[in-house]
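A.B. asks: Sequence lines, in order, name chains A and B.
Each residue of the first sequence is one higher than the one before, counting from 5 in the working numbering.
Each residue of the second sequence is one higher than the one before, counting from 14 in the working numbering.
Built from N, CA and C at the ideal position, the CB exists for glycine as well.
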Amino acid sequence: GENVEQHPSTLSVQEGDSAVIKCTYSDSASNYFPWYKQELGKRPQLIIDIRSNVGEKKDQRIAVTLNKTAKHFSLHITETQPEDSAVYFCAASGTYKYIFGTGTRLKVLA
Amino acid sequence: KAGVTQTPRYLIKTRGQQVTLSCSPISGHRSVSWYQQTPGQGLQFLFEYFSETQRNKGNFPGRFSGRQFSNSRSEMNVSTLELGDSALYLCASSLPPASGGTYEQYFGPGTRLTVT
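1) Taking the DSSP output, what are the residues bridged to R80 (chain B)?
2) From the DSSP secondary-structure annotation, give me the bridge partner or partners of I52 (chain A).
3) Quick one: which chain B residues come within Cβ less than 9 Å of T106 (chain A)?
4) Give the secondary structure of G45 (chain A) by DSSP, where H, G and I count as helix, E and B as strand, and everything else as coil.
5) State the DSSP-derived secondary structure class of D63 (chain A), mapped to helix, strand or coil.
6) Report the CB separation of V45 (chain B) from P38 (chain B) in whole angstroms; it is logged as a contact under 8 Å.
7) DSSP three-state call for G136 (chain B): helix, strand or coil?
8) Near R28 (chain B), which residues of its chain fall below 8 Å by C-beta distance, leaving aside the five closest residues on each side in sequence?
9) If we define contact as Cβ-Cβ less than 7 Å, is P86 (chain A) a contact residue for chain B?
10) Between the segment 92-108 of chain B and chain A, which residues of the former have CB atoms less than 9 Å from a CB of the latter, in chain order?
11) Below 7 Å on C-beta distance, what does F120 (chain B) contact in chain A?
12) CB-CB under 6 Å to D31 (chain A), same chain, minus the five flanking residues each way: which ones, in chain order?
13) Y48 (chain B) and F63 (chain B): beta carbons closer than 7 Å?
14) What residue range does the beta strand (DSSP E) around R109 (chain A) cover?
15) Which word fits A96 (chain A), buried or exposed, when buried means at least 16 other C-beta atoms lie within 10 angstroms of its C-beta?
16) Would you identify the three-state DSSP class for E87 (chain A), choosing helix, strand or coil?
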């Protein structure tokens, strides 16, 4: 069935370093790839997304890359700050549904 | 513009009971999706509704059902509750193209269901 694999499950980085989270999807029909940040006790918040006709997108300190051939997409956070600490979810969207990765718990150490 | 709202925020039910959760989407959004979030399984897709029609559903037993009203508000129902149904139930709304193109989803705060 359709699935999205997300790695790593936990990631600790020093403040100011970069963090990279990777996802692989299986459904070739997927054409939209959002990333969500979920802080403890809060709802998932959309932080960046990319569509299948784009290879890279950047928004300040965060960027997402997509390799459709390999069915890989990644989230890059540069100059990490303590407030970046949260769980990050990737998702792949095809026909009227999202399939989410299992999440990455990012800890930014001050 | 008000965000997605869900009621109730917390529920405690006993095994065998049934429960109904409600979701009000962002004004103008016509698609509502439901997800179950658990620590071990992450976010699992339950179903998606658009214009009162279920367009897709995930791999959940028939005890999980939903519906959407003409004002786009949605409810989900779980019958014969099991301990394993304890989870955070999230709904998300979006303003999709009717033809099913890509769309951004915005989540509600969730309903925390505990089954004892």
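C.D. replies: Quick look at the numbers:
1) Beta-bridge pairing links R80 (chain B) to B:E88.
2) A:W39
3) Taking a Cβ-Cβ cut-off of 9 Å, the neighbours of T106 (chain A) in chain B comprise G53, Q54, G55, L56, given in sequence order.
4) In the three-state reduction of the DSSP assignment, G45 (chain A) falls in the coil class, being assigned neither a helical nor a strand state.
5) Note: D63 (chain A) maps to strand in three-state DSSP.
6) 5 Å
7) The shown model of chain B, from 14 to 129, leaves out residue 136 (chain B), and the question about it has no answer.
8) L94, E95, L96, V128, T129
9) no
10) Residues of the segment 92-108 of chain B with a C-beta atom less than 9 Å from some C-beta of chain A are L103, A105, listed in chain order.
11) R47, P48
12) E6, G98
13) no
14) 108-113
15) By the neighbour-count criterion, in which a residue is buried when 16 or more other Cβ atoms sit within 10 angstroms of its Cβ, A96 (chain A) is buried.
16) helix
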